[in-house]
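Student: Numbering (mature numbering (1 follows the signal peptide of the UniProt record, and there is no 0)), first residue to last: -24 to -1, 1 to 416.
In this text, a Cβ means the ideal position worked out from N, Cα and C, and glycines have one as well.
Can you read through this structure? Questions will come right after.
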């Protein structure tokens, strides 16, 4: 069995130092840069996420927050027994992430408070981590019974009908159970998005890159880096070949429990924003496979690095209307093959047979392939898995055991204050932008 130092180093919420923000009527103006970067007003003319459920695997979501009320389903708490009886969960980080995904604002026209990327999506809250101020945090870190909470949370979310799963959480090591859960999710057509991690400012590990973070580094998961206000890699954001795309991750305003508002930075926030864009795509193209949703996100990205890809920003910064346009283009593809061995690559396959995407990356050239592997000529049952990634001499395959993932050792866990942060507090002294675009 793969041993771990404890869930503290294994699971850490990936927001860097959040601090209380301004009043609700100031928050929307402070979201303007993110709204512009993702080009959300343009995307909302096409999709607002209606009919889609995004599972938020996190510390819990406050369903009564005025910017989320009516949009949250409280799911299972996989941390039960860690806190003493009668201790209520803090739910800061999870509420924050949920608001970035599906906040609908409040007040006349929904013009105040936080507007999320997919304001008509629903949130399924699945609690798989404690805030580090909670009294059961140490118990949660050390007790073996909490070892596979992420794997169990993924399977639960899939079985509850989630279309997208956001995981703004970090682990040092991979496990077979998590790998199997991810394969299960993708075989059911569920898009998985995760934070790339916040250890990018440290020295490279033995692989020559910033540490790999799980579940983001698993094949099949959309690994999201954080961009700064200039849309460059944020200094803290992990950089390694698992990174697929980037999104804003600095000075991000969001909701907290009890109608509070917070500002913070981290790959957590970037992941939540990309999960929202994935929800927009799934609302418009509900049968599109996870591999092709990822293809739309990458092909539609803006601010592409020189050469098309780099380990800090992936294929670039996610752009919502361009991703939707790529999804539309992909959805128009028709089959030329016929017979029992053919299959529409935009749809998940039944019977546990999963779509396949192959991504090759090197210093200058990146090629992506989306589709389904078949062996019709031989009558073979194809059960190839989600993504095989080749990076130089490093190969990844979902068929092998978790220990075979060639990422090398991972540095220590994210540490810090408040919400498991890996860095110092955020400067919130900057002016709040004017204006409040209404909720769509």
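Give a yes or no on whether the C-beta atoms belonging to residue 219 and residue 201 are separated by under 7 angstroms.
Tutor: yes
Student: Within the same chain, show all residues whose beta-carbon is closer than 8 angstroms to that of residue 98, passing over the 5 residues directly before and after it, in chain order.
Tutor: 28, 29, 30, 47, 48, 49, 78
Student: Leaving out five residues on either side along the sequence, give the residues of the same chain with a beta carbon under 6 angstroms from the beta carbon of residue 261.
Tutor: 303, 307
Student: When you compare the stretch 291 to 301 with the stretch 259 to 277, are there three or more beta-carbon pairs, one atom per stretch, that lie closer than 8 angstroms?
Tutor: yes
Student: From the beta carbon of residue 253, is the nearest beta carbon of chain D less than 7 angstroms away?
Tutor: The structure shown contains no chain D; it holds only a single protein chain.
Student: Are three or more beta carbon pairs between the stretch 100 to 117 and the stretch 62 to 74 nearer than 8 angstroms?
Tutor: yes
Student: Give the DSSP bridge partners of residue 53, in chain order.
Tutor: 103
Student: In the DSSP assignment, find the unbroken beta strand (DSSP E) run with residue 29 in it and report its ends.
Tutor: 29 to 34
Student: Any idea what DSSP makes of residue 153, helix, strand or coil?
Tutor: helix
Student: What's the C-alpha gap between residue 176 and residue 209?
Tutor: Here the C-alpha atom of residue 176 lies approximately 9 angstroms from the C-alpha atom of residue 209.
Student: Quick one: what's residue 237 bridged to in DSSP?
Tutor: 231
Student: Go to residue 252, then tell me how far its alpha helix (DSSP H) extends in each direction, as first and last residue.
Tutor: 243 to 260
Student: In chain order, what residues of the same chain have a beta carbon less than 8 angstroms from the beta carbon of residue 339, not counting five sequence neighbours either side?
Tutor: Unreliable placement is indicated for residue 339, whose pLDDT of 40 sits below 50; the coordinate value is still reported in the next sentence. Within the same chain, residue 339 has close Cβ partners 283.
Student: In the DSSP assignment, find the unbroken beta strand (DSSP E) run with residue 198 in it and report its ends.
Tutor: Here the beta strand (DSSP E) through residue 198 covers 198 to 203.
Student: Per DSSP, residue 190 is paired with what?
Tutor: DSSP, once it has assigned bridges, lists 147 as partnering residue 190.
Student: Are the CB atoms of residue 178 and residue 96 nearer to each other than 7 angstroms?
Tutor: no
Student: Relative to the alpha-carbon of residue 55, which residue among 251, 87, 116, 287 has its alpha-carbon at the smallest distance?
Tutor: 116
Student: Between 206, 169, 196, which has its C-alpha nearest residue 156's C-alpha?
Tutor: 196
Student: Rounded to whole angstroms, what's the CA-CA distance from residue 87 to residue 4? Just pull it up for me.
Tutor: Distance between the alpha carbons of residue 87 and residue 4: 7 angstroms.
Student: Mind the definition here: the stretch 67 to 82 touches the stretch 241 to 250 only if three or more C-beta pairs lie below 8 angstroms; say whether that holds.
Tutor: yes
Student: Could you tell me which residues DSSP pairs with residue 91 in its beta bridges?
Tutor: Looking at the DSSP assignment, residue 91 forms a beta bridge with 80.
Student: Tell me the residue span of the alpha helix (DSSP H) that contains residue 40.
Tutor: Element bounds for residue 40: n/a, residue is neither H nor E.
Student: So what's residue 2 in DSSP terms, helix, strand or just coil?
Tutor: helix
Student: Would you grab the beta carbon distance between residue 42 and residue 235 for me? Rounded to a whole angstrom, and I think it's under 8 angstroms.
Tutor: 6 angstroms
Student: Tell me whether the beta-carbon of residue 255 lies closer than 7 angstroms to the beta-carbon of residue 214.
Tutor: no
Student: Which same chain residues, not among the five before or five after residue 216, have their C-beta less than 6 angstroms away from its C-beta?
Tutor: 185, 186, 188, 287
Student: When the Cα of residue 295 is compared with those of 257, 268, 266, 309, which residue comes out closest?
Tutor: Nearest to residue 295 by alpha-carbon distance, out of 257, 268, 266, 309, is 257.
Student: Between which two residues does the beta strand (DSSP E) holding residue 226 run?
Tutor: Residue 226 -> no beta strand (DSSP E), and no H or E assigned at all.
Student: Would you kindly check if the distance between the Cβ of residue 297 and the Cβ of residue 18 is under 7 angstroms?
Tutor: Closer than 7 angstroms, so yes.
Student: Does the beta-carbon distance from residue 106 to residue 58 come in below 7 angstroms?
Tutor: yes
Student: Let's see if you can read the secondary structure: which residues bound the beta strand (DSSP E) around residue 171?
Tutor: 167 to 171
Student: Using the three-state DSSP reduction, which class does residue 98 fall into: helix, strand or coil?
Tutor: strand
Student: Should residue 120 be labelled buried (16 or more other beta-carbon atoms within 10 Å of its own) or exposed?
Tutor: exposed
Student: Taking the alpha helix (DSSP H) that residue 135 belongs to, which residues open and close that run?
Tutor: 125 to 135
Student: Going by DSSP, which residues form a beta bridge with residue 63?
Tutor: In the DSSP output, where bridge partners are listed per residue, residue 63 has none listed.
Student: I need the straight-line Cα distance from residue 268 to residue 162, nearest angstrom please.
Tutor: Residue 268 and residue 162 have their C-alpha atoms some 11 angstroms from each other.
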